[in-house]
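Sequential numbering of the sequence shown, starting at 0, is according to numbering that gives the first Met the number 0. Every residue gets a Cβ at the ideal spot worked out from N, C-alpha and C, and that includes glycine. All of these numbers come straight from a predicted model, not from anything done at the bench.
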Amino acid sequence: MDIITRIHAGWRDLMDNKTDPRVAKWPLAASPFPTLFICLAYVYIVKVLGPRFMQDRKPFNLRKVIIFYNFLQVMLSFYLFWEVSVVGWIGGGYNWRCQPVDFSRNEMPMRMARVCWLYFISKFTEFFDTFFFVLRKRYDQVSTLHIIHHRIMPFSVWWGLKFMPGGHSTFFFFLNTFVHIVMYTYYMLAAMGPEMQKYLWWKRYLTMFQMIQFIGIFTHAFQLFFHNPCNYPIVFSYWIGGHGVLFLFLFANFYVQTYTKKKSKKTLENGKVNGLIKKEIETNGLKKEL
């Protein structure tokens with residue numbers, strides 16, 4: 000019981016005295032458990048409940064809904080990128096080397112805190128990517144990478160919102176929203192139908208762009224291991240940098256499986272087909288000579 004009491008007291012001290020009081024009463028910011036519950040519910044819906052619901056149903060035609068959804072995501076990502084740029088990384092005077100958090104209630108720090116909260120909320124809206132896959136019975140697209148990415152991001156971002164809504168760690172937010180502008184633009188065009196396919200030759204480069212993003216994220220985070228002039232809490236460098244490394248590995252594996260191995264397999268299959276055709280031609284030629 001004494002251990003449990005100490006753990007509870009330590010948790011209450013962390014939540015009550017170490018967090019940013021400015022965000023304490025904002026929706027979903029008080030405790031991590033509602034966010035954790037929502038993330039677990041998401042996994043249950045897309046892996047169990049959704050497939051059961053669709054088992055005896057035909058795939059839904061959601062083309063117009065998906066186009067509109069992706070358009071909204073492009074607009075939301077653009078707004079978030081604009082805000083974090085103006086308030087922080089481009090127009091706000093943030094130091095790219097080491098940037099502390101301003102916990103004051105002045106206009107710009109509060110604006111940054113609010114956009115951090117909105118970015119956190121945007122992670123829940125991205126669940127609809129998977130919901131649409133399930134409703135269309137595109138279970139092949141509900142990959143391990145996809146599930147891991149969507150289920151851990153809201154919970155991970157919550158800690159940044161609760162403790163550090165601003166400063167050095169928002170660099171990943173800055174890069175990620177820019178990538179999402181490009182990514183959801185691609186998805187929107189792809190949803191418009193086969194006639195757009197000729198304009199979507201750059202799909203593999205989108206994956207490469209995402210991997211470059213993760214390299215930038217963990218490089219920027221890990222630099223504080225060597226020099227931390229603003230005394231930024233190093234635990235957040237581990238947290239953000241670790242996510243960058245994890246997702247770089249997952250996306251690199253996806254790239255290899257999708258673009259390298261499939262291409263090699265296709266080349267091998269074409270070689271076998273061409274070999275059979277050549278053999279058939281030679282055999283027919285021999286028969287003709289006989």
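Note on geometry: alpha-carbon atoms of phenylalanine 177 and glutamine 140 lie some 23 Å from one another. If you ignore the 5 residues before and after phenylalanine 59, its C-beta comes within less than 7 Å of the C-beta of Leu134, Arg135, all in its own chain and listed in chain order. Setting aside the 5 residues that flank it on each side, methionine 207 is surrounded in the same chain by Tyr254, each with a C-beta closer than 8 Å to its C-beta; the list follows chain order. Shown here for isoleucine 147: same chain residues with a beta carbon closer than 7 Å to its own, the five before and five after excluded, namely Leu249 in chain order. Straight through space, the alpha carbons of isoleucine 2 and alanine 189 are spaced by roughly 55 Å. Between the alpha carbons of alanine 23 and arginine 110 lies a gap of roughly 16 Å.
In this structure, DSSP gives threonine 18 a state outside helix and strand, which the three-state scheme calls coil.
In this structure, phenylalanine 246 sits near phenylalanine 213, with a CB-CB distance shorter than 8 Å. For valine 83 against valine 47, the beta-carbon gap comes to about 36 Å, at or over 8 Å, which does not count as contact. Each of Leu39, Phe173, Leu205 was checked against the Cα of glycine 90, and the nearest Cα belongs to Phe173.
Per DSSP, leucine 223 is not a residue of any alpha helix (DSSP H), being assigned neither H nor E.
Under the 8 Å Cβ criterion, the region 94-110 counts as touching the region 150-168, having at least three qualifying pairs. For serine 121, the closest alpha carbon among the candidates Tyr68, Trp95, Pro108, Ser30 is that of Tyr68. Counting C-beta pairs with one atom in each stretch, the region 7-26 and the region 155-165 have three or more that are closer than 8 Å, which means they touch. Non-local beta-carbon contacts of leucine 117 in its own chain, meaning distances under 6 Å to residues more than five positions away in sequence, are absent. Using a C-beta cut-off of 8 Å, the region 199-206 makes no contact with the region 214-228, since fewer than three inter-stretch Cβ pairs fall below that distance. Under the three-state reduction of DSSP, tyrosine 231 is assigned to coil, being neither helix nor strand.
Taking 8 Å as the cut-off, the Cβ atoms of proline 153 and phenylalanine 119 count as close. When the Cα atoms are used, alanine 29 and methionine 74 turn out to be separated by approximately 28 Å.
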